[in-house]
Amino acid sequence: MLNDIAVLLPVDRPAGPLIDCAAAVAGLFEAHLDGIACAYQALNPMIAFEASAVVMAAQYETGVEQAAVVLDQFEIVTRRLNIPHDAKSTFNVSYAATRTVTELSRLYDLNIVGQPDSSKPSQTDFISEAVLFGSGRPMLMVPYINRGAFKADRVLICWDGRAPAARAVHNAAPFLRKAKAIDVVTVNENEDTVGEASLAAFITHLARRDLPATPHRLTAATSNIHNAILSLAADNDTDLIVMGGYGHSRFREFVLGGATRGMFESLTVPALISH
Numbered sequence: 045m046l047n048d049i050a051v052l053l054p055v056d057r058p059a060g061p062l063i064d065c066a067a068a069v070a071g072l073f074e075a076h077l078d079g080i081a082c083a084y085q086a087l088n089p090m091i092a093f094e095a096s097a098v099v100m101a102a103q104y105e106t107g108v109e110q111a112a113v114v115l116d117q118f119e120i121v122t123r124r125l126n127i128p129h130d131a132k133s134t135f136n137v138s139y140a141a142t143r144t145v146t147e148l149s150r151l152y153d154l155n156i157v158g159q160p161d162s163s164k165p166s167q168t169d170f171i172s173e174a175v176l177f178g179s180g181r182p183m184l185m186v187p188y189i190n191r192g193a194f195k196a197d198r199v200l201i202c203w204d205g206r207a208p209a210a211r212a213v214h215n216a217a218p219f220l221r222k223a224k225a226i227d228v229v230t231v232n233e234n235e236d237t238v239g240e241a242s243l244a245a246f247i248t249h250l251a252r253r254d255l256p257a258t259p260h261r262l263t264a265a266t267s268n269i270h271n272a273i274l275s276l277a278a279d280n281d282t283d284l285i286v287m288g289g290y291g292h293s294r295f296r297e298f299v300l301g302g303a304t305r306g307m308f309e310s311l312t313v314p315a316l317i318s319h
């Protein structure tokens, strides 16, 4: 079960829908919810000139004020819904903020983050990738267009037979147990390369766990896999997508793989993602 959940809140964009979604998830599982307001300092104090001290101080004060506003919103919602909770904030330069958020995210059964919006860049757009690749925990990404209460009546599992997908399914077990319908989609499955972990074998495995599921086989160009999945999700009125998160190692950091990046950019329903 999910007993301890965190929601990582940006301070420079509206946080209300993200707070509402996190509170709904916590209520669904009767879990404790920590709200963590994440502020970002653009200037590095290690290299800043003395003349920049005033700017740095102003950034800090602004960050503190923004975090207080967001955490006040969080307190109002969680108290109204009688959800056990704590509230805290982090404030640091980018590299240190990434490390702090990653370390914090390892403590929770689930981390809830907002989807970055490329049309409205946020100082904390780094959070989602940091949590995905550094936490070792499942991440629930909430679309920036998300409105209304969270539910998981119909779940869509993205299956390719690889380890991240298997981990995502394992991490999604609490949601799958509460779902009224489960769909499983595979895109461009090649039975010669997928081996024993085929879609058919996976459907059988779910049935043995009393989780009947409907299979879907799609074909799509590599660059369009995410759109094919999201189109199916829309057709089926999917509430939650479950998927593995893929990346490529580059200079000791992970860079999102193509299909995963497409989902990050185009997400339309909440997605539980595991690496």
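Count the sequence shown with this note's numbering and you get residues 45 to 319, in order.
Cβ coordinates follow ideal geometry from the N, Cα and C atoms, glycine included.
| Check | Outcome |
| --- | --- |
| Cβ-Cβ separation, L46 to L154 (assumed contact under 8 Å), whole Å | 5 Å |
| Test item: CB-CB of A196 and V231 under 8 Å | no |
| Proximity of V145 and I171 at Cβ, strictly below 8 Å | yes |
| Where the alpha helix (DSSP H) containing D64 begins and where it ends | G60 to F73 |
| Cβ neighbours of V199 in the same chain (closer than 8 Å, five flanking residues each side left out) | A216, F219, L220, A223, A225, I226, D227, T282, D283, L284, I285 and V286 |
| Distance, E309 Cα to S162 Cα | 8 Å |
| Beta-carbon spacing of H270, G289 below 8 Å | no |
| Beta-carbon proximity list for L115, same chain, < 7 Å, skipping 5 on both sides | G79, A81, A131 and S133 |
| CB of A257 within 8 Å of CB of T312, strictly | no |
| Exposed unless 16 or more other CB atoms sit within 10 angstroms - verdict on G192 | exposed |
| From A67, A75 and V113, residue whose alpha carbon lies closest to that of R57 | V113 |
| DSSP-derived helix/strand/coil call for R261 | strand |
| Complete alpha helix (DSSP H) runs within the segment 149-190 (minimum length 4 residues, chain order) | 171-178 |
| Simplified DSSP state of G79, which is helix, strand or coil | strand |
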